[in-house]
Every structure is written in C-alpha cells, then in structure tokens.
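Okay, so the sequence shown: first residue is 0 according to numbering that gives the first Met the number 0, each after it adds one.
Built from N, CA and C at the ideal position, the CB exists for glycine as well.
What follows is a single structure, written as structure tokens, with notes after it.
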Amino acid sequence: MRILSIETSCDETALALVSASGGEKRPCFKVLKNIVSSQIKIHRPFGGVVPMLAKREHLKNLPRVLKIMNPDFKKIDLIGVTVGPGLEPALWTGVNFAKELAKKHKKKIVGVNHLEAHLDSFLFSPRAQKFKSSEIFPAIALIVSGGHTILLRVDGFDRWKKLGETRDDAAGEAFDKVARLLGLLYPGGPEVEKSAKKGDAEAVNFPRPMANQKNYDFSFSGLKTSVLYYIRDSKGKENKSDVAASFQQAVIDVLAGKTFRAAENFKAKSVLLSGGVAANKSLRKALEKEARSRSLNFFAPEFEYNTDNGAMVAAAAYFAYLRKKKYRILAQPNLHL
Ligand code: KG4
Ligand code: ZN
0 MRILSIETSC
10 DETALALVSA
20 SGGEKRPCFK
30 VLKNIVSSQI
40 KIHRPFGGVV
50 PMLAKREHLK
60 NLPRVLKIMN
70 PDFKKIDLIG
80 VTVGPGLEPA
90 LWTGVNFAKE
100 LAKKHKKKIV
110 GVNHLEAHLD
120 SFLFSPRAQK
130 FKSSEIFPAI
140 ALIVSGGHTI
150 LLRVDGFDRW
160 KKLGETRDDA
170 AGEAFDKVAR
180 LLGLLYPGGP
190 EVEKSAKKGD
200 AEAVNFPRPM
210 ANQKNYDFSF
220 SGLKTSVLYY
230 IRDSKGKENK
240 SDVAASFQQA
250 VIDVLAGKTF
260 RAAENFKAKS
270 VLLSGGVAAN
280 KSLRKALEKE
290 ARSRSLNFFA
300 PEFEYNTDNG
310 AMVAAAAYFA
320 YLRKKKYRIL
330 AQPNLHL
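As structure tokens, then:
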C-alpha cells in the first residue's frame, strides 16, 4: 500500500510518500519521496523552538511541501499523521491538514505516535530490511531525541515495554544546553559533535550520572551542571573541544552501559538506536562495536532518518493501520509509549 505521511510535532515540516508491504512479520518500506522543511534558522536566534513560530511556519510550509511533492492521490491508500507527543500548536497544524486532505480525497487516515515512529525508523537502513522480525526481536531499543531518552524492551512492531527513561533532561536537550554553554549554535548536537572531533574525550572526567544504579533510568541535568561549573572554574581558559569530547563521551558511556545491561538481562537479539541523537557518529560507533563484541545485531537508521522526518511516520502509520486499536486524530501533546 502507498502511504502519505505528515509530521509537524516540533520544528520540521516533513512529508513522505512511502510504499509499504510485508506486514509485521517482514515489513518492507520503499521511500518514494521524503521532504523535510527545517525551521532551524527561524528558531536559532531564540536558542530553542518557539511553539507559536513553529505553528506559523508549519501553516506556511505544509501546502508548499505538498505542492513540491505533488502526489498522485489516486494511488494513495492511507494518510498517516503525527498526533503526539510534541508542541500542541504545531501538532494541530499537521492534524488539521491531514484531515482536510483525507476528506477532500476520500482517504483513510491514521494517527501516529511520534515516539513509535522513531522506534520504527531503524527500518530505514538497507541492512535492517534484510532481516525478518523473528531475527530482530526481542530487541532493546534506545530512543534518544531532543525531548526523550527512553529504553524499551521490544518484542514486535506492536509490542514493547518501557524499561526506563530520563528523570530530567533528554540526551538531545543536554547536547543543546552544553552547546549553549560552549557558545555554539542551536541545535547543539551536531555542533558539539563537530567540536568534539578536535578534542580529547579523556581530558575532563565528567560524571556518569546513574551509571551504577541497577535501574534503566537516566539523568543528564547534573552532567550539564558539571560542564557549567567546569567552564566557570576555568575562567575562559578551557579547551572547548576537550570539553565537548569529554561531555559527549560521558553521555555515550551512560547510554551504552544501560542499553547493554538491558540487552544481557533480557537476552535480546538486537539493539535498536533512533532519535535525533542517533545521528551522532561516535554514539553509533560505540554501540555498534559493543553489539558486535556481544554477537548482537545493531540497527540504526540511515543519516536522514534520525532527526524528524515523514518516512518514519509512514512506517508507524502502516503498523497502526494493521492493528485494531488506533490513536484518535487530534493533537495529543503528552502522548507516551
Ligand atoms: O528526534 P529529533 O529531530 O527531534 C525530537 O523529536 O526531539 O531530535 C533533535 C535532537 C536535538 O536535541 C539535537 O541537538 C539532537 O537531536 N541531535 C544530535 C545530533 N544531531 C541532532 N545530538 C548529538 N549529535 C548529533 N549529531
Ligand atoms: Zn523526534
């Protein structure tokens, strides 16, 4: 079936056209079109996303992106739209746009949980599509985005259990805040990664919060505060790249530690990594290396499918279409997994 998907939960207006087949046992997705209109430049002066500005931009961009995509509605079977979690005014723009399109072209519509979409996004890598579901699951999934840090045990595309999550800042949020402390631009993740490449990850021994606790929860706000104190005490003499590299390493150590402890305890076959922070090459490499040494599969999306995009929404829409229980088609800013 052919799915048109719409994503407006944060600061990317994203649409995709995806062909889906295979069901839950061996899902196969072909991305026909994937367009992301980023609002980064608009929000950058504010150091974060401004919800009402995001709404205004989505309203402007949705018809524009649809026009560029120019889909043949006769060939579309389903419309999928992100209903939450996210910024409420931003979510409504996508929901209302999807509803209008569904009505105008007489199409079925399903609501998508943005976090489920991130979870499914690992399928957008050529390697993952070679595996049957029975070879992938049970898996441990780590979702690391600007708003969430969640560890899950996943038994199928429609079956998972949350093991733990962050108690304060999300991993991406920590990257964004540390970037600001280092005088780098928003969004901070890619900037910190770039700076870290020139630094020594062992230069500063930042704390690994909660690493030794036997739960699967995370905490990043104390780590950010340690970076703040270190910069303050260095009185401008700190090596920024060393700080970036050492901070990044602390985040990676905590994420990897908990992920692989879960993988061992739950006898997982695979580790799945997704969300905006999954674009971080050092994190990917660290997890991939550890997975290989433990004979586990490691799956992460191709670069463009880590940060918010429409293709992952189409994948989640396909699985939502296949199951009985559906999300209501209205903005649900606090929706969870
Ligand atoms: O998944 P996403 O696009 O949006 C949310 O659903 O939150 O994630 C955005 C987050 C931002 O905090 C951004 O700084 C972070 O992902 N990010 C990265 C990298 N690229 C994006 N963090 C670390 N390294 C990166 N290369
Ligand atoms: Zn996201």
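Would you say H42 touches the ligand ZN, meaning its beta carbon is less than 7 angstroms from a heavy atom? Because no heavy atom of the ligand ZN lies under 7 angstroms away, the Cβ of H42 does not count as near it: no.
Among the residues of its own chain, which have a CB less than 8 angstroms from the CB of A314, if the five just before and after it don't count? Taken in chain order, the residues that qualify are V17, A19, P26, F28, A116, D119, S120, L122, F123.
Which whole-angstrom value is the C-beta distance of E11 and D307, which I expect to be below 8 angstroms? Their Cβ separation, rounded to whole angstroms, is 4 angstroms, which keeps E11 and D307 in contact under 8 angstroms.
Measure how close the beta-carbons of I135 and I142 come, nearest whole angstrom, since I'm counting them as under 8 angstroms. Contact doesn't hold; Cβ gap of about 16 angstroms is too wide.
Can you tell me whether DSSP reads L222 as helix, strand or coil? Reduced to three states, the DSSP call for L222 is helix.
Could you check whether the segment 68–86 touches the segment 97–114, counting it as contact only if at least three pairs of C-beta atoms, one from each stretch, sit closer than 8 angstroms? Taking one beta carbon from each stretch, the segment 68–86 and the segment 97–114 have 3 or more pairs nearer than 8 angstroms; the two touch.
Which full runs of the alpha helix (DSSP H) of 4+ residues lie inside the segment 167–195, going along the chain? You should have 170–180, 187–195.
P62 classed as buried or exposed, judged by whether at least 16 other C-beta atoms fall within 10 angstroms: By the neighbour-count rule (16 or more Cβ atoms within 10 Å), P62 is not buried but exposed.
Smallest Cα separation from K284: which of K257, G275, E263, I251? Comparing Cα positions, the closest option is I251.
Given Y304, which residues of its chain have a CB within under 7 angstroms of its CB, disregarding the five upstream and five downstream residues? Same-chain partners within the cutoff: S120, F123, A310, M311.
Any chance you could list the beta strand (DSSP E) runs of at least 3 consecutive residues sitting entirely within the segment 88–151, in chain order? Listed in chain order, they are 107–112, 138–143.
Give, in chain order, every unbroken run of the beta strand (DSSP E) that is at least 3 residues long and sits entirely within the segment 286–314. For secondary structure counted as the beta strand (DSSP E) over 3 or more consecutive residues, the segment 286–314 holds these complete runs in sequence order: 296–298.
When you compare the segment 189–200 with the segment 258–271, are there three or more beta-carbon pairs, one atom per stretch, that lie closer than 8 angstroms? No, they do not touch.
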